[in-house]
Each structure stands twice: as structure tokens, then as C-alpha cells.
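What follows is a single structure, written as C-alpha cells, with notes after it.
Protein chains: 2
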Amino acid sequence: MPVPDAPVTGAERSPDPAGGPARPSRLDPAVAARLRRTPDGLVAAVVRQHDSGEVLMVAWMDDEALHRTLTTGRATYWSRSRNEYWVKGATSGHHQYVRSVALDCDGDALLVSVDQVGPACHTGQRTCFHTDLPVTGVAGPGDDGRVRA
Amino acid sequence: MPVPDAPVTGAERSPDPAGGPARPSRLDPAVAARLRRTPDGLVAAVVRQHDSGEVLMVAWMDDEALHRTLTTGRATYWSRSRNEYWVKGATSGHHQYVRSVALDCDGDALLVSVDQVGPACHTGQRTCFHTDLPVTGVAGPGDDGRVRA
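Chains A and B supply the protein sequences, listed in that same order. Going by my numbering, the letters in the first sequence line up with residues 207 to 355, in that order. Going by my numbering, the letters in the second sequence line up with residues 207 to 355, in that order.
Have a look at this one:
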């Protein structure tokens, strides 16, 4: 894959099966170099309410969405279903004002601390995590990984 | 990896560009039908400490990793770098005992509440989110999305 000599991230590259940037971006190349993306060029963004710590949602960012989030202070994502950028709250009014962004140790996830206006979920609930799955296994200290009957 | 008997989800399917299951799994088909996967068949698993709510890490689950997590009570992931399942703590001793698992509204992320033994991060830090990125844009109530100079 040819890489131009200018600090352009992802420009004129096609999607990389190893998870390179999928679209051109103005993201700081030093940050871009740390990202480890899905095959479609995305990292997971975990969004939490900055003061309560409540986990509100997970969305997806490509390099440019991260750039816009960092430089505008408004959480901006890549929509996998609509294939376009979206600024959270632009249509719903449920804005996310960004307080801080942290990258994880292996570069494939972001923790975005926001001040969430209203519900984060399009269903009207505060968080998107409202379907509990049944945990049937029980493990704890002293258990070495065996499944209890 | 052959998995005997039904119910098998995704058995003998090749990876689906639309994000179907990438490997055979014993996951409850009703749950599997709700998952919306990356092109390599994964969903993001956000892991938090069950009592403090602290976000510890993000890892990746395919259908079978989710099945094992739910049925053993030990957080189990798919390693994108090693292409294998890993049980958190199996080698480090930093176990994650699962208290609850919630699926988000669009099926592409899980919130796994655990009792984390020791540090979650392989660097020895409690959480994996220890690299702050600079937020240069400031937005807040009353701001309609314009970037402040």
C-alpha cells in the first residue's frame, strides 16, 4: 500500500483489511498512528456521563470523527448503518458536550466523558444498555475456572 | 473448531461482510439474532467494575465468547491479535468474575459488570484508559455546534 510522504492520514487509501483508516482525515498523525481499527476502519467509543460515571452508550469513530470530537467538543461518530458522520444531538437535541477523551492501551477503544443532555438512547432511555442477558455461570474467588453444575 | 450438536449458530458459515457470526457457537440463537457484528464477527464488550462503575477496558466477543462468558461466569474474549479465545485472568491471575451482562439497543455492544481482581490492564494499571487525548474544542449548553475560536 503506497503511503504518501505528507502527514495525511488515510487520504486516497482504500479500506485496509488490517484495519487502516478508511477515509481521509485531519486527525493528528501521532494519534492516528496509535489507533488499531476494525476491518472497516473504526474504533469503539465508550461514552460515559462525566460526573456519575454512568456508561451511556457505545458508538463508532473513524479517524475524522475523532478529530471532530476533539476539536469541536461535540461528540461526533461514524454511523455504520447510514455511512455518514453524525453529531450526537444534532437532530434530537440530546447533545453530548465532551469533557475528556482517553485512548486505551492497545488503541482500539476510546473512553469519552461527556455531559449528556437528556437521554442518550434513541428509545428515550437514559442509557442504551437496557437488555439484560442471563448469566447462568457463577464464578468467584477460590474458583479456578471450573463451571459449577 | 467443531462443536457438536445443535443449536449451532453460524456453523460452517464463512465470515460475512455484513457482520454475521465468524465461527460456530453454542450461543442461544435468540441472543445471537440480536447481535450486530463488525465485519470480523465481533461485538465490543465494555467492562466495568460492578460496584464502583469504573470503566476498566474494552475487549471483543464473538458469539462463542459471549456464550462462554454467560455460562461460566468468567469473562471470555476473542483475541483479535492472537485469533483465539482468552479467559481474562487465566494467565495473569487478574480474573473477572461476571456479575451481569447487558446488550445495547442496537446489538453491537455489551456492558459486562465484573468483580475485577487486581489490575485490568496488562500494563499493571487498574484501567486500560490511561492515555488522555487533547480536547481543544469547547462546547456546552447554549452552544449550537459552532466551534469557538
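Just so you know, even glycine gets a beta-carbon here, dropped at the ideal spot from N, CA and C.
At least one CB atom of chain A sits nearer than 8 Å to the CB of aspartate 310 of chain B.
A residue is called buried when at least 16 other Cβ atoms come within 10 angstroms of its Cβ; threonine 329 of chain A does not meet this threshold and is exposed.
Glutamate 290 of chain A sits in a strand when the DSSP states are folded into three classes. Between the alpha carbons of glycine 225 of chain B and histidine 256 of chain A lies a gap of roughly 32 Å. For proline 340 of chain B, the number of other beta carbons within 10 angstroms of its own is below 16, and it is reported as exposed. Within the segment 329–345 of chain A, the residues whose Cβ lies closer than 9 Å to any Cβ of chain B are, in chain order, Thr329, Gln331, Thr333, Cys334, Phe335, His336, Thr337, Asp338, Leu339, Pro340, Val341, Thr342, Gly343, Val344, Ala345. Residue-level contact check: glycine 259 of chain B touches chain A, since one or more beta carbons of chain A fall below 8 Å from its beta carbon. Between valine 264 of chain B and alanine 281 of chain B, the gap from beta carbon to beta carbon reaches 8 Å or more.
Taking a Cβ-Cβ cut-off of 9 Å, the neighbours of leucine 276 of chain A in chain B comprise Leu339, Pro340, Val341, Thr342, Gly343, given in sequence order. Here the segment 224–243 of chain B makes no contact with the segment 298–308 of chain A; the two share fewer than three CB pairs at distances below 8 Å.
The C-beta of arginine 229 of chain A comes no closer than 8 Å to any C-beta of chain B. By the Cβ-count criterion, glutamate 290 of chain B is exposed, with fewer than 16 other Cβ atoms from all chains shown falling within 10 Å of its own Cβ. Not one beta carbon of chain B lies nearer than 8 Å to the beta carbon of threonine 297 of chain A. Buried is the label assigned to aspartate 310 of chain B, since at least 16 other Cβ atoms lie within 10 Å of its Cβ.
Apart from the 5 residues on each side of it in sequence, valine 252 of chain B sits with its Cβ closer than 6 Å to the Cβ of Val264, Leu317 in its chain, given in chain order. The contact set of tyrosine 303 of chain A on chain B, defined by CB atoms closer than 7 Å, consists of Ala345, Gly346 in chain order. Taking C-beta atoms as the reference points, aspartate 268 of chain A and tryptophan 284 of chain A count as a pair closer than 8 Å.
Closer than 8 Å to the CB of arginine 254 of chain B there is at least one CB belonging to chain A. DSSP, read as helix, strand or coil, puts threonine 278 of chain A in helix. In this structure, the beta-carbon distance from alanine 239 of chain A to proline 227 of chain A does not fall below 8 Å. According to the DSSP assignment, valine 261 of chain B belongs to the beta strand (DSSP E) that extends over 261–267. Judged by DSSP secondary structure, alanine 236 of chain A falls outside any beta strand (DSSP E) and instead within the alpha helix (DSSP H) spanning 235–238. A residue is called buried once 16 or more other Cβ atoms fall within 10 Å of its Cβ, and arginine 254 of chain A is buried on that count.
Residues of the same chain with a CB within less than 6 Å of the CB of arginine 274 of chain B, apart from the 5 flanking positions on each side, are Thr282 in chain order. Think of a sphere of 7 Å around the beta carbon of leucine 241 of chain A: no beta carbon from chain B falls inside it, the nearest being about 11 Å out. Residue contact check for valine 320 of chain B against chain A: no CB pair falls below 8 Å. For glycine 343 of chain A, the closest of B:Val344, B:Leu272, B:Ala296, B:Gly324 by C-alpha to C-alpha distance is B:Leu272.
Sequence-distant partners of arginine 286 of chain B (beyond 5 residues in either direction) whose C-beta falls short of 7 Å from its own C-beta, in its chain, are Trp266.
Residue pairing for alanine 296 of chain A: DSSP places it in no beta bridge.
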